[in-house]
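Asks:
There are 2 protein chains.
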Amino acid sequence: MSTGGAETERQAWLRTVAADVARLDRSSSAERAADILRRSITEGALPPGAQLSEIELTEVLEVSRNTLREAFRLLTHEGLLVYKLHRGVFVPELDEHDVIDLYRLRRVLEVDVVRGLADRDPELPASRLEPLLDDVEAAEAAARADRWPVVGTANMRFHEHLIGLADSSRMDAMTGRLLAELRLLFHVIATPRELHEPYIERNRRLFELLEARKYDEAAADLNEYLLHSERAILAAFRSR
Amino acid sequence: MSTGGAETERQAWLRTVAADVARLDRSSSAERAADILRRSITEGALPPGAQLSEIELTEVLEVSRNTLREAFRLLTHEGLLVYKLHRGVFVPELDEHDVIDLYRLRRVLEVDVVRGLADRDPELPASRLEPLLDDVEAAEAAARADRWPVVGTANMRFHEHLIGLADSSRMDAMTGRLLAELRLLFHVIATPRELHEPYIERNRRLFELLEARKYDEAAADLNEYLLHSERAILAAFRSR
DNA sequence: CTTGCAGGATTGTTGAACAATCTCTAGGCT
DNA sequence: AGCCTAGAGATTGTTCAACAATCCTGCAAG
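Protein chains in written order, with full-length UniProt numbering: chain A, 1 to 240; chain B, 1 to 240.
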């Protein structure tokens, strides 16, 4: 068969196919149920403090209690649910201490990723930045359409893609968890516009700094960015 | 009843009791099974690549399949097991890429914790460092007794307690997971002495720097420490 | 050497059942 | 009235047995 230069291309294709397959045969029932619940929580249909009844959800989600409990476990370890023994599962209510904790981790991880990009600049193709630009433009479009929750998710995805530049599966997992918890916090804040609007512009600026390969400057910018965001959420939190 | 000065002591006692109760009250069956499996994995009885049969383990652990599967889920999210749909659960086989990934995160988190201590030095009582000293001495004692796996766990605990100084529940959780995966890596290395011996001394030195409140120096030392450890593991890994 | 096809084994999911625990209400006591 | 106690009812924790879906193995055919 054909070998040589075509081989690496073939391997790359095999990887993408493998990824697609892995995405398709998810543990179906349990993970499907978890997906639905995850959306309900992150979109606010299940507010912090709400209890999730087992028998009720078995009927709604059309899964058995055992499968539902496996879904609960999945979400528990994402921080989107908490178990209270013999009392049930609840959507956690985060407080100011959690805000500080979450943002501390975000700063550490994200700033390190950006700073670390300088070391591997040569091997990093410009195309890796494309998802970031897509997110920025998605946020701008949603803002024009006055759809602020959509702006929020686009901004979130921007940061997920930013972390993704590090090619670290564990960082990706941690970030997914952190951002999910962050969404939980957003629901106690009434005005999504003030919450998300300032960061559209900041994300674009960050993207442009990355594109210009000014990594140290980008890292400093991002650090200040996250401090600003933390202060905003804390303020909204205290005055609720 | 007695009030005043004795009250805070009583409250402290209540907290420790509450913690003990919470530890005993665990979802018993599932978490107990998970505990046994966790030990088997981290101690090497279940080597990387091993498959865990459900029916076999239900008999050994004397729990139902559903409960066992919940235990599997728990360990899956600690990174100690991986699920392959319709094929079963396996002890993951980590490779060099995982070593690099794990150590990158360790460096980021631990170095940041140490550096961050400078900001809150005044509010940090000296007693918070005691667990670290205990770990160092435990490692030294185990080394004298030629019990190198014990040295390894003591060293691990040193780093767990180090992260604990940050008072961040999420960092604690992440570190627990990272160190569990690190143990997985240790099992592919034949000589535990060479693996753990150098770090007894380094941990003591790190402790002394912290005690002297030389946080920046400690952070730099820790960074170099972790780079050294990473290189050692990578070398042992490649020559196996 | 590859392809296709049973057959057996293992996992995925379900439903029902029982035990353990919590919550809430009612009643008795000081 | 206020507080403690007991018990009923509801919910969760755990087990079991069964069936469906999928994977692995070995073998036969091309």
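Quick reminder that beta carbons are idealized off the backbone N, C-alpha and C, glycines included.
Measure the C-alpha to C-alpha separation of B:THR42 and B:ASP35 and round it to an integer number of angstroms.
Replies: 11 Å
Asks: When DSSP builds the beta bridges, which residues end up paired with A:TRP90?
Replies: Before going on, a small fix: residue 90 of chain A reads as Phe here, not Trp. A:PHE90 is bridged to A:GLN51 and A:VAL82.
Asks: Hey, does B:ARG23 have any beta-carbon neighbour from chain A nearer than 9 Å?
Replies: For B:ARG23, the pLDDT reaches just 49, beneath the cut-off of 50, and the residue's location in the model is therefore unreliable, although a value from the coordinates is still provided. Chain A, which has no Cβ nearer than 9 Å to the Cβ of B:ARG23, makes this no.
Asks: So with CB distances below 7 Å, who are the chain B contacts of A:MET174?
Replies: The contacting residues are MET174.
Asks: Do B:THR175 and B:HIS196 have their C-beta atoms within less than 9 Å of each other?
Replies: no
Asks: Taking the straight line between their C-alpha atoms, what separation do you get for A:SER169 and A:PRO149?
Replies: Whole-angstrom Cα-Cα distance: 27 Å.
Asks: Do the CB positions of B:PRO92 and B:GLU181 come within less than 9 Å of each other?
Replies: Yes, Cβ-Cβ distance for B:PRO92 and B:GLU181 is below 9 Å.
Asks: Label B:VAL21 either buried or exposed according to how many other C-beta atoms from any shown protein chain fall within 10 Å of its C-beta, with 16 as the threshold for buried.
Replies: Bear in mind that a pLDDT of 47 at B:VAL21, under 50, signals an unreliable position, so the number given afterwards is only what the model happens to contain. Burial call: exposed.
Asks: Return the Cβ separation of B:ARG128 and B:LEU165 in integer angstroms, given the expectation that the two are a contact with Cβ distance under 8 Å.
Replies: With a Cβ gap of about 6 Å, B:ARG128 and B:LEU165 count as contacting.
Asks: Between the C-alpha atoms of A:LEU68 and B:VAL60, what's the straight-line distance to the nearest angstrom?
Replies: 26 Å
Asks: Pairs of beta-carbons, one from the stretch 212–222 of chain A and one from the stretch 107–123 of chain A, closer than 8 Å: are there three or more?
Replies: yes
Asks: Any beta carbon of chain B sitting closer than 9 Å to that of A:LEU102?
Replies: yes
Asks: Less than 9 Å between the C-beta atoms of A:GLU110 and A:LEU162, yes or no?
Replies: Yes, the Cβ-Cβ distance between A:GLU110 and A:LEU162 is below 9 Å.
Asks: So which residues on chain B does A:MET171 lean against when the C-beta distance must stay under 7 Å?
Replies: LEU105
Asks: Please list the residues of the stretch 46–75 of chain A that have a C-beta atom closer than 8 Å to any C-beta atom in chain B, keeping them in chain order.
Replies: ASN66, ARG69, GLU70, ARG73 and LEU74
Asks: Strictly under 9 Å for the Cβ-Cβ distance: is B:SER229 near chain A by that measure?
Replies: no
Asks: Could you check whether the Cβ of B:SER168 sits closer than 9 Å to any Cβ belonging to chain A?
Replies: yes
Asks: Using CA atoms only, rank isn't needed, just tell me which of B:ARG87, B:ILE233 and B:GLY152 is closest to B:GLU201.
Replies: B:GLY152
Asks: Taking the alpha-carbon positions, what's the A:ALA80 to A:LEU37 distance?
Replies: Going by the sequence as given, residue 80 of chain A is Leu instead of Ala. The alpha-carbon atoms of A:LEU80 and A:LEU37 are separated by roughly 9 Å.
Asks: Within the 9 Å Cβ cut-off, does B:VAL108 reach chain A?
Replies: yes
Asks: Here's a check: name, in chain order, each residue in its chain whose Cβ is nearer than 7 Å to the Cβ of A:ARG193, leaving out the five neighbours to either side.
Replies: TRP148
Asks: Just the Cα atoms here: how many angstroms apart are A:ALA126 and A:TYR199?
Replies: 23 Å
Asks: Just to confirm before moving on: does the CB-CB distance between A:HIS228 and B:ARG73 stay below 9 Å?
Replies: no
Asks: Looking at A:ARG65: is its Cβ nearer than 9 Å to the Cβ of A:GLU54?
Replies: yes
Asks: If you count every other CB in all the chains shown that lies within 10 Å of the CB of B:GLU224, and 16 or more means buried, which is it?
Replies: exposed
Asks: Please classify A:VAL82 as buried or exposed, where buried requires at least 16 other C-beta atoms within 10 Å of its C-beta.
Replies: exposed
Asks: Please confirm whether A:MET156 and A:ARG183 have their CB atoms less than 9 Å apart.
Replies: yes
Asks: With 9 Å as the threshold, decide whether the Cβ of A:HIS159 is near any Cβ in chain B.
Replies: Output row for A:HIS159: interface = no.
Asks: Suppose only complete runs of 4+ residues qualify. What are the alpha helix (DSSP H) ranges in the stretch 146–170 of chain A, listed by chain order?
Replies: With a minimum length of 4 residues, the continuous alpha helix (DSSP H) runs that stay inside the stretch 146–170 of chain A are 148–164.
Asks: Can you look up B:ILE189 in the DSSP assignment and give me helix, strand or coil?
Replies: coil
Asks: Considering only C-alpha positions, which residue in the set A:VAL188, A:ARG204 and A:ARG32 is nearest to A:GLY44?
Replies: A:VAL188
Asks: Give the residues of chain B in contact with A:ASP216, contact being defined as C-beta atoms less than 9 Å apart.
Replies: Neighbours of A:ASP216 on chain B: none; closest Cβ ~17 Å, over 9 Å.
Asks: Return no unless some Cβ of chain A is closer than 9 Å to the Cβ of B:ASP112.
Replies: It does; some Cβ of chain A falls within 9 Å.
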